[in-house]
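Under this note's numbering, read the sequence shown as residues 7 to 192, first letter to last. C-beta atoms are modelled at their ideal positions from N, C-alpha and C, and glycine is treated no differently. In what follows, a structure is listed as structure tokens, so that the remarks can point back to it.
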Amino acid sequence: MVTAERERLTRPRRLRLLFQDEARFGRISELYRCWAPPGSRPACPQQLVREAVYVFAAVSPSDGRLVAAIEPKADTATMSRFLELTAHAFPDERLIMVLDGAGWHVAKALAVPDHLRLVRQPPYSPELNPVERLWLALRQQYFANRMFATLGAVTDQLKMATEELAANPGTVRSLTLFPWIELCVL
7 MVTAERERLT RPRRLRLLFQ DEARFGRISE LYRCWAPPGS RPACPQQLVR
57 EAVYVFAAVS PSDGRLVAAI EPKADTATMS RFLELTAHAF PDERLIMVLD
107 GAGWHVAKAL AVPDHLRLVR QPPYSPELNP VERLWLALRQ QYFANRMFAT
157 LGAVTDQLKM ATEELAANPG TVRSLTLFPW IELCVL
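Below, the structure written as structure tokens:
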């Protein structure tokens, strides 16, 4: 048994590149353009209620795998839990995760699993993080021109949206596999 464990720990592991980000989704309506017959003006419901939840996501652009978690707040403890969740999703691989410089990403109390390494993207460069395109797609496809009666309804919509995306790695890959990632890394 000790030999099997030693072999598992010493064999080379596949290296996986992940990109991570978090976004806030809430009960403030997001207006987007939509189709309407010529000469008509579509009516879109609006509300301004300052309640929100956060969705943390890590994406592997090479194969479109997505790990997501919906949380009530974004802080160091939440980020530590998300890193552990991500590490469990890829247990036999070495992980390199690219993320921005949010305070909870650089805190000394952040618990990083052994087979995961964090790499900071340059400051003020969200365009380099493919997860930003995932947020845009979520907002346009699942949240545009809608009102939510409760924060629970927002959470349910987010859960459904992230589960649909996770079940469709081809869609995630098409949204997140930037040409420079494919040329430089894969």
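Note to self: Buried or exposed, going by whether 16 or more other CB atoms sit within 10 Å of the CB of Pro67?
What the structure shows: buried
Next item on the list: Specify the secondary structure class of Asp162 as computed by DSSP and reduced to three states.
Entry: helix
Next item on the list: Check each candidate in Thr177, Gly32, Phe88, His94 and name the one with the smallest Cα separation from Trp205.
Entry: This structure does not reach residue 205, given that the chain is present from 7 up to 192, and the question cannot be answered.
Checklist line | At least 3 beta-carbon pairs within less than 8 Å: the region 47–54 vs the region 67–78 | finding: no
Margin query: Going by C-alpha to C-alpha distance, which of Ala83, Gly158, Ala95, Thr82 sits closest to Leu122?
Written below: Ala95
Check: Relative to the C-alpha of Ala58, which residue among Val137, Leu189, Thr156 is closest?
Finding: Thr156
Next item on the list: Identify the continuous alpha helix (DSSP H) that holds Ala58 and give its terminal residues.
Entry: Unbroken run through Ala58 is the beta strand (DSSP E), 54–66; no alpha helix (DSSP H).
Next item on the list: Identify which residue in Tyr148, Arg30, Thr92, Asp106 has its Cα closest to the Cα of Leu171.
Entry: Tyr148
Notebook entry, point to check: If you follow the beta strand (DSSP E) that Leu105 is part of, which residue opens it and which one closes it?
Noted result: 99–105
Next item on the list: State buried or exposed for Asp162, treating a residue as buried only when at least 16 other CB atoms are found within 10 Å of its CB.
Entry: exposed
Notebook entry, point to check: Anyone know if the C-beta pair for Gly32 and Val160 falls short of 9 Å?
Noted result: yes
Notebook entry, point to check: Whose CA, out of Ala29, Ala150, Ala49, Asp120, lies closest to the CA of Ala74?
Noted result: Ala29
Check: Of all the options Ile76, Val118, Glu77, Asp98, which has the alpha carbon lying nearest to the alpha carbon of Ser86?
Finding: Val118
Notebook entry, point to check: For the candidate residues Arg19, Arg20, Phe25, whose alpha-carbon lies nearest to that of Ile187?
Noted result: Phe25
Margin query: Using 9 Å as the threshold, is the C-beta distance between Ile76 and Thr182 below it?
Written below: no
Next item on the list: Could you tell me whether the Cβ atoms of Leu105 and Arg126 are closer together than 9 Å?
Entry: yes
Next item on the list: Just mark Asn174 as buried or exposed, buried being the case when its beta carbon has 16 or more other beta carbons within 10 Å.
Entry: exposed
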